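Written below as structure tokens is the structure these notes are about.
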Amino acid sequence: MNNGEFKNSGLDKLTGKPHGGSPIPEWYKLGKYEEIENYIKKETEEFVKFFRWTHNELPLLRPKLDQAMKND
């Protein structure tokens, strides 16, 4: 998944999150607090969705891993 690198593997690259958090300091300076709150809500929703998916899918990989280790 991304050739073993962490570069470009942020939550915004793996989920429906529209972008990273880099605009937040500017929004804060401009008093765009509602945009900050919306960003936080969307980030939370997308993280929970991603977490639920991994919680369900990762255990299914264990038998494959165990089998691969036996074959090596």
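For the sequence shown, numbering that gives the first Met the number 0 gives the first residue as 0, with consecutive numbering after it.
In this text, a Cβ means the ideal position worked out from N, Cα and C, and glycines have one as well.
These figures come from a predicted structure and were not determined experimentally.
For residue 14, there is no enclosing alpha helix (DSSP H), as DSSP marks it with neither H nor E.
Bounds of the alpha helix (DSSP H) holding residue 59 are 32 to 70. DSSP, reduced to helix, strand and coil, places residue 6 outside both helices and strands of the structure shown, so it counts as coil. Put simply, of 17, 38, 48 the residue whose alpha carbon is nearest the alpha carbon of residue 27 is 38. DSSP, read as helix, strand or coil, puts residue 24 in helix. Residues of the same chain with their beta carbon placed closer than 7 Å to that of residue 3 are lacking, with the five preceding and five following residues left out of the count. Separation of the CB atoms of residue 42 and residue 16 is rounded to 6 Å, and the pair is thereby assigned contact status at 8 Å.
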